[in-house]
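Peer 1: Here it is, the structure, as structure tokens.
Residue numbers (our numbering): 4 to 150.
Below is the structure:
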């Protein structure tokens, strides 16, 4: 997955999203992608590309602050996410709560590293709920960026 994350960072750098954008804009883009994810889940559509698009925005936000998202992924076993969630809705509630915390942190110029970690866990949980991997979701979303 590290190679794929580096590809996303290169894509973002080519489009000047890392040094030429701001945290608030990227947070709004992440929230927009989360809205699309909610819609796809509501209509029982394939959510892989939506999960991947949210992950892409988290990668961009992390790269803006030189936070090594690969390090977190390497230290975490995202395949063993909390199994107490009985529905995808419970993951979505936590995702939206995390997005609210992220928005507050970005607005207040506070550190949001742990929030990004929490959001990654929720995205991984959503993917796993449908028997997908976070890497598969990122791969699909990245492919659509390149087409």
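Ideal Cβ placement from N, Cα and C applies to all residues, glycine included.
Between the segment 48-59 and the segment 123-139, do at least 3 Cβ pairs fall closer than 8 Å?
Peer 2: yes
Peer 1: Just to confirm my understanding: we take residue 53, look at its own chain, exclude 5 residues before and 5 after, and list those with CB closer than 6 Å. What are they?
Peer 2: The answer, listed in chain order, is 39, 40 and 43.
Peer 1: According to DSSP, simplified to helix, strand and coil, what is residue 113?
Peer 2: DSSP places residue 113 in the coil class of the three-state scheme, outside both helix and strand.
Peer 1: Do three or more CB pairs link the segment 95-102 to the segment 113-124 at distances below 8 Å?
Peer 2: At 8 Å Cβ cutoff, the stretches touch.
Peer 1: Rounded C-beta distance between residue 105 and residue 30? I'm assuming under 8 Å.
Peer 2: Indeed, because the Cβ distance is near 6 Å, the residues count as touching under 8 Å.
Peer 1: Within the same chain, show all residues whose beta-carbon is closer than 8 Å to that of residue 142, passing over the 5 residues directly before and after it, in chain order.
Peer 2: Only 7 and 55 meet the Cβ criterion.
Peer 1: Check this for me: beta carbons of residue 108 and residue 62, under 9 Å apart or not?
Peer 2: Contact flag unset, no.
Peer 1: CB-CB under 7 Å to residue 115, same chain, minus the five flanking residues each way: which ones, in chain order?
Peer 2: 105, 108 and 109.
Peer 1: Look at the alpha carbon of residue 12 and the alpha carbon of residue 96, and state the distance between them as a whole number of angstroms.
Peer 2: 28 Å
Peer 1: Of all Cβ atoms in chain B, is any one closer than 9 Å to the Cβ of residue 11?
Peer 2: In the structure shown, chain B cannot be found, because there is only a single protein chain.
Peer 1: In whole angstroms, what separates the C-alpha of residue 32 from that of residue 93?
Peer 2: 22 Å
Peer 1: Under 7 Å Cβ to Cβ from residue 139, same chain only, skipping five residues before and after it: list those, please.
Peer 2: Within the same chain, residue 139 has close Cβ partners 51.
Peer 1: Between which two residues does the alpha helix (DSSP H) harbouring residue 71 extend?
Peer 2: Per DSSP, residue 71 belongs to no alpha helix (DSSP H) and is neither H nor E.
Peer 1: Quick check: what's the CA-CA separation for residue 66 versus residue 144?
Peer 2: 18 Å
Peer 1: For residue 47 and residue 10, I'd like the C-alpha separation in whole angstroms.
Peer 2: 29 Å
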